[in-house]
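Residue numbers (this note's numbering), protein chains in the order written: chain A, 38 to 227; chain B, 38 to 227.
From the three backbone atoms N, C-alpha and C, an ideal C-beta is built for every residue, glycine too.
Reading through the structure tokens given below for one structure.
Number of protein chains: 2
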Amino acid sequence: MMPGGVYVLRMGHRAGRDKRVTTHVALASMALGASGVILSGDEDPGLMESVTKARDRWAPGFLLEYSKGWREPVERAREAGLAIVHLTMYGVELEFLLEGLRALARSRGLLVLVGAGKVPREVYSAADLNVAVTHLPHSEVAALAVLLHELLGFRGQRGSPGPVLPQLRGKLALPRGARPPVPGSPGSSS
Amino acid sequence: MMPGGVYVLRMGHRAGRDKRVTTHVALASMALGASGVILSGDEDPGLMESVTKARDRWAPGFLLEYSKGWREPVERAREAGLAIVHLTMYGVELEFLLEGLRALARSRGLLVLVGAGKVPREVYSAADLNVAVTHLPHSEVAALAVLLHELLGFRGQRGSPGPVLPQLRGKLALPRGARPPVPGSPGSSS
């Protein structure tokens, strides 16, 4: 983990139950411009393989790691100078912390913790900031998406249109070699 | 569906495979301020029951419906004057449509379509607008969260802190009767 990056730590992954939601956490982090994801909890080689495949194709610089426990990556992030942010409905509203979080992300970098099942009470104290995206229980994927989008914006997003022309209506496949760049994507001139 | 609201249509729900992700779609829509969710695909009484319970508790006015197919709710929305927006990586970037979408949401209302498995080609033509939150395949929950947040903002969010005091650090349960209102939540004076 490098200063100035925004990383995501998925805590307490359960290999059977959480496979799809954890995949959403990892792929959304990648698409919305995070610098990497650390998965903790059950080891899940199938999940790591599919996310690694996506990483190699779309975001080669994206960090992807597994750590059995959540404490070790939190310690490493702290040593690297990153601030620890825990997304929880029991935290303080994102709206009121936004400017500070943006400044922290730029100057130090962030490690954003999202839980799978019930989060150990210790996490609430280990975090520098407990941050809420609403006080309702809804979806760690949705909460993370709102946070990453507020921090990194449209400019931070990854990906260019593949074999399909972005269209308001209909779906039009393009022949190979005729794939236009999208403004803001790597390799475009704008 | 009423003009001026933002509704979500979850298409193609598969009762076994999609239970958790569809639950995230519904609860995130509720928390982030949508006016309602229509579930289509497999009938899933357990899912409807748990989301209905959340609705009754936190968002009594939130519309919750089931429709076997996706065409019927799309037709109804169209008759009510709503614009049909389909979230897909093959659409046009949200960034470029944002002002128009906000104006459409206010003046006419929107029905936002999100798929579960592969979306029938017909959906791409049935929608007024195909909108992309990045061109990578990631998570319909994340894409929907970004769209709803851009349309409805922090002011549209639902929910007030329950039995826990929002805290930057630690987790502190409150006694009953000592639950402070949060700015912007119903019942607060600010």
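Original post:
Which same chain residues, not among the five before or five after A:K56, have their C-beta less than 8 Å away from its C-beta?
Top reply: Stepping through the first sequence from its first residue, residue 56 of chain A is reached at position 19. Answer for A:K56: D81, G83 and L84, listed in chain order.
Original post:
Exposed or buried, which one is A:L150 when buried takes at least 16 other CB atoms within 10 Å?
Top reply: In the first sequence, counting from the first residue as 1, residue 150 of chain A sits at position 113. Buried, since its Cβ has 16 or more Cβ neighbours within 10 Å.
Original post:
What residues of chain B sit near A:K208, judged by a beta carbon separation below 7 Å?
Top reply: Working through the first sequence from its first residue, we reach residue 208 of chain A at position 171. The contacting residues are Y127, R158 and Y161.
**OP:** Can you tell me which of the three DSSP states A:L184 falls into?
**Re:** In the first sequence, residue 184 of chain A corresponds to position 147, counting from 1. The answer is helix: DSSP assigns A:L184 an H, G or I state.
Original post:
A:G154: buried (16+ other C-beta within 10 angstroms of its C-beta) or exposed?
Top reply: Looking up residue 154 of chain A in the first sequence gives position 117. A:G154 should be labelled exposed.
Subject >> C-beta contact flag for A:Y44 and B:G207 at 9 Å >> reply: Counting from 1 along the first sequence, the entry for residue 44 of chain A is found at position 7. Counting from 1 along the second sequence, the entry for residue 207 of chain B is found at position 170. Cβ atoms of A:Y44 and B:G207: not closer than 9 Å.
Original post:
Going by Cα to Cα distance, which pick from A:G41, A:T60 and A:S87 is closest to B:E177?
Top reply: What you label residue 177 of chain B is simply residue 140 of the second sequence in a count that begins at 1. The shortest Cα separation from B:E177 among A:G41, A:T60 and A:S87 belongs to A:T60.
**OP:** For A:R47, count neighbouring C-beta atoms within 10 Å of its own C-beta (all shown protein chains included) and say buried if the count is 16 or more, exposed if not.
**Re:** Mapped onto the first sequence, residue 47 of chain A falls at position 10. Per the 10 Å Cβ criterion, buried.
Original post:
Under a three-way DSSP split, which group does A:S197 fall into?
Top reply: Numbered from 1 along the first sequence, position 160 holds the residue referred to as residue 197 of chain A. Three-state DSSP puts A:S197 in coil, outside helix and strand.
Subject >> Test item: CB-CB of A:L138 and A:L188 under 9 Å >> reply: Counting from 1 along the first sequence, the entry for residue 138 of chain A is found at position 101. Counting from 1 along the first sequence, the entry for residue 188 of chain A is found at position 151. Yes, they are a contact pair.
Original post:
Could one say the Cβ of A:A180 lies closer than 9 Å to chain B's Cβ atoms, at least one of them?
Top reply: Here residue 180 of chain A refers to the residue found at position 143 when the first sequence is read from its first residue. Closer than 9 Å: yes.
Original post:
Is A:L147 close to chain B, meaning its C-beta is less than 9 Å from at least one C-beta of that chain?
Top reply: Translated into positions along the first sequence, residue 147 of chain A becomes position 110. It does not; no Cβ of chain B falls within 9 Å.
Original post:
Just to confirm, are A:P203 and B:G152 a CB contact at a threshold of 9 Å?
Top reply: As a working note, residue 203 of chain A is residue 166 in the first sequence. As a working note, residue 152 of chain B is residue 115 in the second sequence. No, the Cβ-Cβ distance between A:P203 and B:G152 is not below 9 Å.
**OP:** Look at A:M38 and A:G193 and say whether their C-beta atoms are less than 9 Å apart.
**Re:** Position 1 of the first sequence holds residue 38 of chain A. Position 156 of the first sequence holds residue 193 of chain A. Going by C-beta atoms, A:M38 is not nearer than 9 Å to A:G193.
**OP:** Count the other CB atoms, across all protein chains shown, that sit within 10 Å of the CB of A:L209; report buried if there are 16 or more and exposed otherwise.
**Re:** As a first step, residue 209 of chain A must be located in the first sequence, where it is residue number 172. So A:L209 counts as exposed.
Original post:
Can you give the Cα-Cα distance for A:A63 and A:A180, rounded to whole angstroms?
Top reply: Within the first sequence, residue 63 of chain A is the residue found at index 26, counting from 1. Within the first sequence, residue 180 of chain A is the residue found at index 143, counting from 1. Those two C-alpha atoms are separated by around 13 Å.
**OP:** Say whether chain B places a C-beta atom closer than 9 Å to the C-beta of A:G196.
**Re:** The residue you call residue 196 of chain A lines up with position 159 of the first sequence. At least one chain B Cβ lies under 9 Å of A:G196.
Subject >> Reduced DSSP category for A:A210 - H, G, I as helix; E, B as strand; rest coil >> reply: Counted from its first residue, the first sequence places residue 210 of chain A at position 173. A:A210: strand per DSSP, three-state reduction.
**OP:** Express the C-alpha separation of A:L184 and B:V168 in angstroms, rounding to a whole number.
**Re:** Counting from 1 along the second sequence, the entry for residue 168 of chain B is found at position 131. Counting from 1 along the first sequence, the entry for residue 184 of chain A is found at position 147. The straight-line gap from Cα to Cα measures roughly 20 Å.
Subject >> C-alpha gap between B:H172 and B:P110, whole angstroms >> reply: Locating residue 172 of chain B in the second sequence gives position 135, counting from the first residue. Locating residue 110 of chain B in the second sequence gives position 73, counting from the first residue. Roughly 27 Å between the two C-alpha positions.
**OP:** Anything in chain B within Cβ reach of A:R57, meaning under 7 Å, just list it in chain order.
**Re:** For the purposes of this step, residue 57 of chain A is taken as residue 20 along the first sequence, with counting starting at 1. Per Cβ cutoff of 7 Å: R57 and V58.
Subject >> Expected contact under 8 Å - CB spacing of B:V77 and B:G106 to nearest Å >> reply: Counting from 1 along the second sequence, the entry for residue 77 of chain B is found at position 40. Counting from 1 along the second sequence, the entry for residue 106 of chain B is found at position 69. This sequence places Ser at residue 77 of chain B; Val is not what is there. About 6 Å separates the two Cβ atoms, so the contact holds.
Original post:
In three-state terms, what does DSSP make of B:P220?
Top reply: Working through the second sequence from its first residue, we reach residue 220 of chain B at position 183. For B:P220, the predicted structure reports a pLDDT of 42, less than 50, and the residue's modelled location is therefore unreliable. A value from the coordinates is still provided. The answer is coil: DSSP assigns B:P220 none of H, G, I, E or B.
Original post:
Would B:G224 be called buried (16 or more neighbouring beta carbons within 10 Å of its own) or exposed?
Top reply: On the second sequence, position 187 is the one that residue 224 of chain B refers to. Confidence is the limiting factor: at B:G224 the pLDDT is only 43, short of 50, which leaves the residue's position unreliable, though a coordinate-based value still follows. Label assigned to B:G224: exposed.
Original post:
Just by C-beta distance, which residues in the stretch 80-106 of chain A are closer than 7 Å to chain B?
Top reply: W95
Subject >> A:L205: first and last residue of the uninterrupted beta strand (DSSP E) it sits in >> reply: Against the first sequence, residue 205 of chain A aligns to sequence position 168. Careful: A:L205 lies outside any beta strand (DSSP E) and carries neither H nor E.
Subject >> A:T125 - containing beta strand (DSSP E), residue span >> reply: As a position in the first sequence, residue 125 of chain A is number 88, starting the count at 1. Looking at the DSSP string, the run of the beta strand (DSSP E) that includes A:T125 is A120 to E130.
Original post:
Over what stretch of residues does the beta strand (DSSP E) that includes A:G78 continue unbroken?
Top reply: Numbered from its first residue, the first sequence carries residue 78 of chain A at position 41. Segment G73 to G78, the beta strand (DSSP E) holding A:G78.
**OP:** Within 10 angstroms of the Cβ of A:G182, are there 16 or more other Cβ atoms? Answer buried if so, exposed if not.
**Re:** As a working note, residue 182 of chain A is residue 145 in the first sequence. In the sequence on display, residue 182 of chain A carries Ala and not Gly. By the neighbour-count rule (16 or more Cβ atoms within 10 Å), A:A182 is buried.
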